[in-house]
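Quick notes on the structure that follows.
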Amino acid sequence: MATAHELVEKGIRAYVEGRLEESRRLLEEALRLDPASSRARSYLLLLPGGLEAGLENGPSAPPAPAPPRPVRPAPEAPSVAAPPGPAPARRGPQYAASPWDDGPASSPSIFVGGEGGLNLDAVAEKSDVRLLVPWSARPTTSQDDVAVWMTAAKDLLALGDFSGSLEMIEKILKVDPEHAEARDYLTRNEATLVAMYESKLGPMGAVPRLVIKPEEIMWLNLDHRAGFLLSQIDGAVDYESLFALSGLPRLDTARILAALLLDGVIAA
Amino acid sequence: MSEMDPVVGIDLGTTNSVVATVRDGVPLVIPNRSGQQLTPSVVAVARNGKALVGALAKRQAITNAENTVYAAKRLIGRRWGSKEVEDARRVLPYTLVAGPDGNDVRITLGGKPVSVAEISAQVLGELRADAEAWFGVPVSRAVITVPAYFNDGQRQATKAAGRIAGLEVLRIINEPTSAALAYGFGKKLEKKVVVFDLGGGTFDISVLDIGQSVYDVVAVGGDTYLGGEDFDRRVMDWLTFNFARENGGVDLRQDKMALQRLRDAAERARCQLSSTPTADIHLPFLVAGGDGKAALHLTKQFTRDKLEELTKDLVERCVAVTEKTLKDAGVRPAQVDEVILVGGMTRMPRVQKAVRDFFGREPCKGVHPDEVVALGAAIQAHALAAPPKPGSEVLLLDVTPQNLGILVVGGYFQTIIPRNTTVPTNQTHLFTTVQDNQTSVRIAVLQGESDKATDNELLGEFVLAGIRPARRGEVSIEITFDISADGIVGVSARDVATGQEQSINVTATSGLTEDELKRIIDENLDDLLEKKQSTVDLERSRARVTTAIAEIEALVPAVQAALERSRFGRDAVQKAEGVLARARLALDGKDTAELARVEEALERTLQLFKGLAASPPQGA
């Protein structure tokens, strides 16, 4: 079963590609798994109709228990066998319908596509039965992905979701450290981003130290600049001094240190 | 002199510096605030504008080469345009410019010209701060060591650096003398001692005659461009070459970050090989792979044999310089009673073997090569500050460090006052004219060890006119050198027949005018006060944060009660806990900006809490 993070990723991708309903479904599902997901909320706000009423209490609203929801027919697919029993009334925050909510004990639904055939997508959604994908068509990081991430970063930034936006940029820079648009984005939003990264690090006087074994460093996925910064972390030098030592722009230093911290390579 | 008024001895080295003191009669090194005995003599302005001194400055010396000053000792007290300065300009990555008077050397640091004395003052200031942290009281007096070949100008400039750093320099003493002092501490010596000093950047060899409380440097030699850095460079070259061979020609020298790590690793490995036969060099993610490939790692095992093979000629150069110095001084190796090893490089087994083979005796192992010079300075500082018991005085006298004299015909140097003459002193020599009917003569006052005048330092010059016209060789010109206890050299020239006289006073200067020096000292004082003010501000900010945390914590029960009655702001306590956690973390650090941010957040939280706690129950 997909995690909230993966659902958000898929939802953003669907949104960027114009599959709005699918995006809504995925994001709402993500929100159900992780009610604190600000990125899911941000994207739901972008969708027509925005967040449903029950969700509009803001990110701090306590998560409500998932209510039982009716199985929603697949779009454009007339139901040949309606789910038994009346649909329970919604209460509390109203999440989008999810096929999982009925649980395994509910009656199976069969969906027919527009031309009368079996709607495989609908079946897959309902049953978790997925078709195989040829190896040659396996998902890889492509320029398409990078473009999607870039668009997502811009949208999130427009919504004020800096951390979500930044996450997208980091994904881009991980596969393409010299990506011009991503770097330009970093430059334009430098002050905000530096402050964000620094807030992740904590006080500048704190002294970071390596929390993995030195021999494990080899197995990390770092570039040479991160390698340099990591080599300067000796348990005696504080963050502020690392900024002075790095010789890199403050934004890059902050970004690398925050990533090392987030990945559990260092701790202060 | 009270025990609460400490004095220190400082070895202000080309590469590293050390501060020491005498406590309860025992000389000991004061570790710096990072716990290290050695503080790199490196000063920098980092790219983010932060001033760095010591180890941190050294760690970014390659990545920020143009704003990192090392080996300032090679330049202190030197004249702009001198051979030494020209040599330094060829090898140093930072920019040197002439001072306002065109004679002095300035270093461009952080975009501003800074005198060399100010650079050295920053290192001395760091050592002073380390000593103060160790003693827990202010330290304002020191003895500082300099190489035996330093002239008066260089010594004055070192003194000026001490003054800028807020230190009263009790005395400037020679490094080999200082080493011998530490070696002879508590012993009654009558020996001929060689001090073999192979440091990070320079090699000095000195021969001393030690009598009862008299330490006479009788010969000095060396190579000012031979030291540990040259050994490290060989290791770096070897690693770079092998890396390129194994990685399709990737040249590490093109990447400053890689080079910085490589140099640090080379130095570490070289030091390690003094005690172990092998050293592993492991530098993950050293350099970009190119074409979007993953970063490359450097992993290499380095052996002592390889190090010795790579640096064989450097060790041979040390031996050759030693041989020449002893030969010039008319001393045979067998006449030497003791060899004192100074400088970290002398830990290298191959260097020790070379010394042993040359002198035919084991070098002295009783003294620590990195610490011995500073310890000697500390002993001298202690002797000057608190006179020891009768009979145990080891008080060095102020002596002229180099020969003083004048330029004579043929471009030669005529010594008037020889090196090591105790001051105050005066000497008179007779000279005559070089041409028939010569009515004036130019007197150029020089200091140095060479017979050739041009190799020595020009201290000043003047013209004696009105000489009686006569055949050459018939006129007697009396030249008198008079050195006062303050080190001021008065030179007078008098025509014995006519009584016509001219004179000048030559005072070795630091390169800074007295006004300039005062201004710098005042500025430094301001900086110091500013730092102290920052400390006060920091403490006040901490106190405010601590109070706010306590107030918020006290309001938590009331706020929780209020929240139970409300549909809103349920996460207020959770958010406040986040703010409190951040505030507690900030209290542990010294980041005033973070403390200020935390203060703001605490204030907002406090106001919110006060509001919530004061809100009446719903329906009331």
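Order-wise, the sequence lines are chains U and V. The first sequence runs contiguously to residue 269 in my numbering. The second sequence runs contiguously to residue 762 in my numbering. Quick reminder that beta carbons are idealized off the backbone N, C-alpha and C, glycines included.
DSSP places S757(V) outside any beta strand (DSSP E), giving it a letter other than H or E.
Secondary structure in the region 594–643 of chain V: no alpha helix (DSSP H) run of 4 residues or longer lies completely within the stretch. Nearest to P289(V) by alpha-carbon distance, out of D346(V), V715(V), T181(V), I306(V), is D346(V). By the 16-neighbour rule on beta-carbons within 10 angstroms, V356(V) is exposed. Taking 8 Å as the cut-off, the Cβ atoms of G518(V) and A324(V) count as close. With at least 16 other beta carbons inside 10 angstroms of its own, T300(V) counts as buried. Residues of chain U whose Cβ lies closer than 9 Å to the Cβ of V377(V) do not exist, since the nearest Cβ in that chain is about 17 Å away.
The distance from the Cβ of N206(V) to that of A186(V) is about 6 Å, consistent with a contact at the 8 Å cut-off. The criterion of a C-beta distance shorter than 8 Å is satisfied by I694(V) and L744(V).
When the Cα atoms are used, D730(V) and A738(V) turn out to be separated by approximately 14 Å. Chain order gives no chain V residues near R42(U), where near means a beta carbon separation below 9 Å; the closest approach is about 15 Å. Under the Cβ distance rule, Q443(V) does not count among the residues neighbouring chain U, no pair being separated by less than 8 Å. No Cβ-Cβ contact shorter than 8 Å links V164(V) with D512(V). When P242(V), P280(V), Y291(V), R201(V) are compared, the shortest CA-CA separation from G590(V) is found for Y291(V).
Scanning A411(V), D657(V), E620(V) for the CA closest to the CA of Q644(V) turns up E620(V). Collapsing the DSSP output to three states places V176(U) in a helix. The three-state secondary structure of K435(V), taken from DSSP, is coil.
Among the residues of chain V, none has a CB under 8 Å from the CB of F163(U); the nearest is roughly 17 Å distant. The beta-carbon of M197(U) is placed no less than 8 Å from the nearest beta-carbon of chain V.
In chain order, I585, Q644, I646 place their CB closer than 7 Å to the CB of F604(V), counting only its own chain and leaving out the 5 sequence neighbours on each side.
Short of 6 Å from the beta carbon of D624(V), and not among the five residues preceding or following it, lie these beta carbons of its own chain, in chain order: N568, G632. Chain-ordered listing is empty here: chain U has no CB closer than 8 Å to the CB of K334(V), the nearest sitting near 44 Å. Within its own chain, the residues whose Cβ lies closer than 7 Å to the Cβ of P419(V), once the five positions on either side in sequence are excluded, are T445, R446, listed in chain order. Taking a Cβ-Cβ threshold of 7 Å, the residues of chain V close to R251(U) are N190, in chain order. With distances taken between CA atoms, Q556(V) lies nearest to Q544(V) out of Q544(V), I261(V), M490(V). The three-state secondary structure of E665(V), taken from DSSP, is helix. Going by DSSP, L180(V) is part of no beta strand (DSSP E) at all; its letter is neither H nor E.
For V701(V) against V721(V), the beta-carbon gap comes to about 13 Å, at or over 8 Å, which does not count as contact. Under a 10 Å Cβ-count criterion, P36(U) is classified as buried, with 16 or more other Cβ atoms of the shown protein chains found around its own Cβ. About 5 Å separates the CB atoms of V515(V) and S320(V); that is less than 8 Å, so the two are in contact.
In the structure shown, the three-state DSSP call for H6(U) is helix. With 16 or more other Cβ atoms inside 10 Å of its own Cβ, V281(V) counts as buried. R305(V) is classed as buried because its beta carbon has at least 16 other beta carbons within 10 Å across all chains shown. Just measuring C-alpha positions, the residue of L381(V), K495(V), D397(V), Q396(V) sitting nearest E409(V) is L381(V). Taken through DSSP and simplified to helix, strand or coil, G547(V) comes out as strand.
Take the alpha-carbon of G295(V) and the one of V233(V): they are about 23 Å apart.
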